[in-house]
Amino acid sequence: MNKYSSEPAKILQELEALAFSDISKVVDFDSEAAIVRDSTDLSQTVTSAIRKISISKHRNRATINVENYPKSSALKLLAKISGLDTDLNNAIAVLARYGLIVSRDESGKWTLFDVQSAK
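Residues in the sequence shown are numbered from 16 upward in steps of one, following the working numbering.
Here it is in structure tokens:
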């Protein structure tokens, strides 16, 4: 077995960790306070999305800053890899913004519908 054979799966796993990260898995917060979870309670998927943790102290009070990696780059790359970011899908999305729906039937024939006239 090639030592690189599992690399694509690992890359996708890392991209998914960044793209679908949720800061609430790291920090519990409400309008009153924020509490950082113990690192031993966090999965590797959650910790791999953390970009930076900083602790600053001022007058016997500690401030903890937790920052995840940005999601946008990972989401864009996943969209490209999965085929969502294709010329066809982009064209369909543009048409939809103008109220036009593109549909393909079982025979492969494409049809363009105007949402307004369908009502």
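We treat Cβ as the ideally placed atom computed from N, Cα and C, and that holds for glycine.
Exclusion of the five residues before and after Q131 leaves G114 as the residues of its chain whose Cβ lies within less than 8 Å of its Cβ. Separation of the CB atoms of I50 and V42 is rounded to 7 Å, and the pair is thereby assigned contact status at 8 Å. DSSP, read as helix, strand or coil, puts V117 in strand. Beta-bridge annotation (DSSP): I26 is not paired with any residue. DSSP, read as helix, strand or coil, puts S87 in helix. Distances from the alpha-carbon of S54 to those of D45, V81, Q28 and H73 put V81 closest.
Residue pairing by DSSP places F35 opposite no residue, since no beta bridge is assigned to it.
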